[in-house]
Every structure is written in C-alpha cells, then in structure tokens.
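In UniProt numbering, the protein residues as written are 1 to 318.
Where a beta carbon is used, it is the ideal one built from N, C-alpha and C, also for glycine.
In this text, all values refer to a predicted model and were calculated from it rather than measured experimentally.
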Amino acid sequence: MKILSSDITLLHGRTTGIAALPDEATDQPLLVFVHGGGATSRSFDIPGHSQILRAARNGFPAYALDRPGYGGSEPLGLPADSDTGVLRAAAERLDEAVTELWQRHATTAPGVVVIGCSIGGAVATHLAALWSDQERPGWPLLGLAVVDIGQLPPENVVDAWRSTPAEERIDMSELRGRITAPPLWTLAPHQFGLHSLPGVLEPVVRAEGLEIVGGWPREWRHVASRITVPVHYRLGEFDTLWTARPDLVAEFADALRTRSPSVDAALFPGSAHGVADSVVGREYCLQVLGFAERCATVVSTPQLLDPAVTNNPATRGT
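Here you go:
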C-alpha cells in the first residue's frame, strides 16, 4: 500500500494541516489529530516517528489539523488575557473543518475518530461535546481519544502561566525553570531534537495557557459529561503539567461516563507529558489505532457497547 502525503487547506484557507492517505480507499474511519500548545500539525509527522504515516499504513485516512493561530490557520482574535472561551471557539472552527473533510470520505469511511493531545486534548473534548449537542451534526463522530490533559494543574504550573507577559504568544522557554522536569528516562531521544525541525514548534497562544489553568479546571466536568461517543483517555504517569493520580483519572472517567457508552481511562505507565512522543510512545499510538478499529466495528456490531451482552456468558459466541 502506498501512502499519499500532502499539505491541505480547508474553509477557504482558514484552516491548514497535513494528510497521510492510503492510495486506495479503505473501510477504516477517518482519523483527525489535534495538536497541543506550542506545536503544529507537523508534530504528528516527526521523521521516523510519524503518527499519521503509521495510521495510514494501517489503512486509516489520517489528517492533522492546525488549530487556530498555529501553522497557517487563521487566529481567533481573542484577547491575550482571556481565560475562557478560547478552547470552545477553537473546537467550533475544527467542527467546520471536519465537516468539510468528511465530504471527501463519506462514501467509504464509516465515520471519524478524533485524537487530541495536551491543549489539543481539551479542544478535542470540547469538539466532541459540541458534536454531541448538535441535533444534525455535519459528520459522524465514532470516538474520541485524548491524552496529556487532566483537570488539576499543579500550583507551580498555574503560577507560571499567570506570570507570563501579557502578549499574544508565549515562548515555552518563558516557563522553563518554573515547571518541574520529568525523569529524563521517560523522554524518547527524538524529543530532544524537535526544535531543529522546521515548522513543528511555535510559541503558545497565551490565552490557551491561561484557560488551561483557569477556565478549563472550572468547566471540564460540564464539557466531559456531554460526550455521547466512546472515549479512550490516558494521562502520563509522570506528567508534570497535571496532577497525575489514579483517583483523578477515575474522576475524569466518571464525568465522561455521564453519557458516553464506553470509557477506557488510565494512567499511562512510564510516560511524562507528551505520551505519544515518549519512550513508550509507540505502545500508546498502537493502542489508539486499536481503539479506532473498535469504534469502527461498533458501527456494525453495536452489541459491543452493551455491557449486558458482552458480560453475559450466554451471549458469547452468538
């Protein structure tokens, strides 16, 4: 199978991104990757560690989209000192972009699985909630995979963001020394060379950082509790941007279970923030592809989401 890679533009240029597509149509779901703060869509296409190429080689049409203000995507134009509303506005833009993308695959793919990391995980959570609220959404969401996002930022992270200069963009070096470093052994070697790769990293939109330590901790439960599709949730065991504890992961999962029919939530052993690019990143990425496979199977076998069926020995093998 050959892979076709390309840059893409959507919404008349308001949203940019990259694609990795099998050269033949498959029956796999469309995967949409949403990047974290201070990165771009190209963070999913690191040479030798490309998440979108891995997905495409497994038959998934894969797209990584630039969130508003990153890559070539049009900024939202919200105030730099805002601590709420930015993540939802980014999700609204992505909802429009995925609606356009879906038109390219509606005749072959069973639906869409959204994969978000870090701030992109929060945006993806908003996107899934927004989709779940719509009476007639423009595309079929099959599942949501989020990672590197929690609900309780440590005090030093809160203080670090609130002490940044009142500028639209903040270089992550501004936070260096104020945020606890993870164990070095959790970091994959290629992580140390990301700054040398063109177009992968950019300064963070400050309003996003303020919302992650402000509006998001206040609002996450309301957002998560509205999601109506299966969710795969992971937080790195050694994540220092979030308080990583089993009880907090359980709390996040409980909120998701308000309406989601299936929630797979856990700390990810051996990883810091940035699970997909950690020393155990390949393991995580394969988990996500397996989750996407299962989401597609549910379309034809909805019994997979019925605990009364899957847990009943009498129904096994039928």
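Within its chain, find whatever has a CB closer than 6 angstroms to the CB of residue i; leave out the 5 residues flanking it on each side and keep chain order.
i	result
Tyr233	Val146 and Ala265
Thr26	Gly59
Thr301	none
Ala19	Ser6, Ile8 and Tyr63
Trp216	Ala122
Ala207	Leu78, Ala80, Ser82 and Val86
Trp139	Val98, Thr99, Trp102 and Val112
Ala55	Leu31 and Ala62
Gln287	none
Thr108	Ala25
Leu289	Asn58
Ala253	Val263 and Ala265
Phe33	Phe44, Ala64 and Ile115
Arg294	none
Relative to the C-alpha of residue i, which residue among the options is closest?
i	options	result
Gln191	Leu305, Val275, Asp306 and Asp95	Val275
Glu167	Pro182, His222, Gly77 and Gly72	Gly77
Gly13	Asp45, Asp23, Gly48 and Arg93	Arg93
Glu24	Val32, Gly37, Lys2 and Leu31	Lys2
Gln134	Gly85, Gly38, Ile227 and Arg221	Ile227
Val114	Pro182, Ile52, Thr107 and Arg221	Ile52
Glu283	Gly236, Asp247 and His222	Gly236
Ser73	His105, Gln103, Gly120 and Thr15	Thr15
Leu144	Val112, Leu267 and Ala55	Val112
Glu202	Leu210, Arg169 and Arg221	Arg169
Ala296	Leu4, Pro22 and Leu31	Leu31
Ser163	Leu210, Arg259, Ser132 and Ser118	Leu210
His222	Thr258, Gln28, Leu194 and Thr107	Thr258
Ala188	Gly116, Ser271 and Glu155	Ser271
Ser118	Thr108, Ser132 and Asp239	Asp239
Pro183	Gln303, His273 and Cys285	His273
Glu251	Pro75, Trp220 and His49	Trp220
Thr84	Arg218, Pro137 and Phe33	Arg218
His49	Glu293, Phe33 and Cys285	Cys285
Tell me which same chain residues have a C-beta within less than 8 angstroms of the C-beta of residue i, skipping the five on either side of it?
i	result
Gly199	Thr40, Arg42 and Gly71
Leu256	Ala224, Ser225, Ile227, Val231, Tyr233, Val263 and Ala265
Leu197	Arg42, Ile46 and Pro47
residue 319	Coverage of the chain is limited to positions 1 through 318, which leaves residue 319 absent and any answer about it impossible.
Pro261	Thr228, Val229, Pro230 and Leu305
Just checking my contact of residue i with residue j at CB under 8 angstroms: how many whole Å lie between their CB atoms?
i	j	result
Ser278	Thr186	6 angstroms
Leu141	Pro110	Incorrect: roughly 11 angstroms between the Cβ atoms, too far for contact.
Leu305	Val299	Rounded, the Cβ-Cβ distance is 11 angstroms, inconsistent with contact.
His35	Arg88	At roughly 17 angstroms, the Cβ-Cβ gap does not stay under 8 angstroms, so His35 and Arg88 are not in contact.
Gly249	Leu267	At residue 249 the sequence reads Val, which differs from the Gly that was named. Their Cβ separation, rounded to whole angstroms, is 6 angstroms, which keeps Val249 and Leu267 in contact under 8 angstroms.
Give me, in chain order, the residues of the same chain whose beta-carbon lies closer than 7 angstroms to that of residue i; leave out the 5 immediate sequence neighbours on both sides.
i	result
Val158	Val213
Leu130	Ala91, Glu92 and Asp95
Ala160	Leu175, Arg178 and Ile179
His105	Leu30 and Pro61
Gly38	Met172, Leu201, Glu202, Pro203 and Val204
Leu4	Leu21 and Asp23
Leu194	Val200 and Leu201
Pro313	Reliability fails at Pro313, whose pLDDT of 43 lies under 50, so the model's placement of it is uncertain and the value that follows must be treated cautiously. Taken in chain order, the list of residues that qualify is empty.
**OP:** Enumerate, from N- to C-terminal direction, the unbroken beta strand (DSSP E) stretches of 3 or more residues contained entirely within the region 209-296.
**Re:** Counting only runs of 3+ residues, the beta strand (DSSP E) found wholly inside the region 209-296 occupies 231-236 and 263-268, in chain order.
**OP:** Inspect the CB distances between the region 145-162 and the region 66-81 and report whether three or more fall short of 8 angstroms.
**Re:** no
Original post:
What are the uninterrupted segments assigned as beta strand (DSSP E) that are 3 or more residues long and contained completely in the region 72-154, given in chain order?
Top reply: Within the region 72-154, the runs of beta strand (DSSP E) that reach at least 3 residues and sit entirely inside it are, in chain order, 112-117 and 141-147.
**OP:** Check whether the region 242-249 touches the region 217-232, taking contact to mean three or more Cβ pairs, one atom from each stretch, closer than 8 angstroms.
**Re:** With the cut-off at 8 angstroms, the region 242-249 and the region 217-232 do not touch.
Original post:
Should the region 5-23 be regarded as contacting the region 85-103, the criterion being three or more beta carbon pairs within less than 8 angstroms?
Top reply: yes
Original post:
At what residue ranges does the region 13-68 contain a whole run of the alpha helix (DSSP H), taking only runs of 4 or more?
Top reply: 51-57
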